[in-house]
Amino acid sequence: MSGVFGVIVSGRTPIEVLPVSDSEFSCEIVNADSINHVVVFLTGAQPFPDGIGGSVYIRWPTTDGGNWHYLGFICNQKPSAIFKVAQLHKSDASHSGVFGGQQMQLYSSGSAQIGINAESLSIIEGRQAADGTQASQQSTLVEFAEKMIRNLINHTESFTQRLPDPATGREFSLPFSPFQCIFHRFLMQKP
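In terms of UniProt numbering, the sequence shown has 125 at position 125, counting the first letter as 1, and numbering is strictly consecutive.
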């Protein structure tokens, strides 16, 4: 089953996943400290046999080998998946002894290792992926809204004016015109 799987990290060339045993596959991602998402996919060279899928794991090698984080799975009906891995190296991995074939090769420091284990879909579907590994559009939208509001506040604060207040001696005021100006510029760009 050589050449059956591929891995893509944004901004890098695709990585071929190599067989370790009949049902276990592995690849190295160098400079893994800067990656946010990983795409794992079937290349189309050979489909899984009926009822079989591939459990996808990641680990950051340590001197003792390190445990694996279960990310999710791929199968013939779901031939690719995107996994969010940005913060996983900071959390405890909970899957040890996942790969029973040959000893998975340890890679250099700063690298991550992707492991794929071909097994029955009935076993795979019962597993729970590590927290925060599923790429979610909602988190991206929430993050965008938060950054947009923060930038809007920072920009409009530059227009504040100090006005005298009899009770405290000072008060800040913000004219509404900067908001109107930003809104009109936005409409001009995207009518």
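Built from N, CA and C at the ideal position, the CB exists for glycine as well.
| Check | Outcome |
| --- | --- |
| Residue 201 (DSSP reduced to helix, strand or coil) | In the structure as shown, the chain begins at 1 and stops at 191. Residue 201 is therefore absent and cannot be evaluated. |
| Environment of ALA81 [buried if 16+ CB atoms lie within 10 Å] | buried |
| Inter-residue Cα distance where the pair is MET188 and ARG127 | 50 Å |
| For LEU121, the first and last residue of its enclosing beta strand (DSSP E) | First-last for LEU121: 121 to 124, but that is the alpha helix (DSSP H), not the beta strand (DSSP E). |
| Straight-line Cα distance separating THR43 from GLU157 | 52 Å |
| For PRO79, the nearest candidate out of ASP22, GLY66, ARG12 and VAL39 (CA to CA) | VAL39 |
| C-alpha distance - SER21 paired with GLU143, whole-angstrom precision | 41 Å |
| Environment of ASN154 [buried if 16+ CB atoms lie within 10 Å] | exposed |
| Residue closest to GLU28, alpha-carbon to alpha-carbon, out of VAL17, HIS37, GLY54 and SER34 | VAL17 |
| Span of the beta strand (DSSP E) around SER111 | From DSSP, SER111 is part of no beta strand (DSSP E); its letter is neither H nor E. |
| GLY72 versus SER177, LEU121, GLN161 and ALA112, residue with shortest Cα-Cα distance | LEU121 |
| Beta-carbon gap between ILE74 and GLY54 smaller than 7 Å | yes |
| Cβ separation of GLU119 and SER23, assumed to be a contact under 8 Å, to the nearest whole Å | 7 Å |
| Between the CA atoms of ILE182 and TYR57 - distance to the nearest angstrom | 46 Å |
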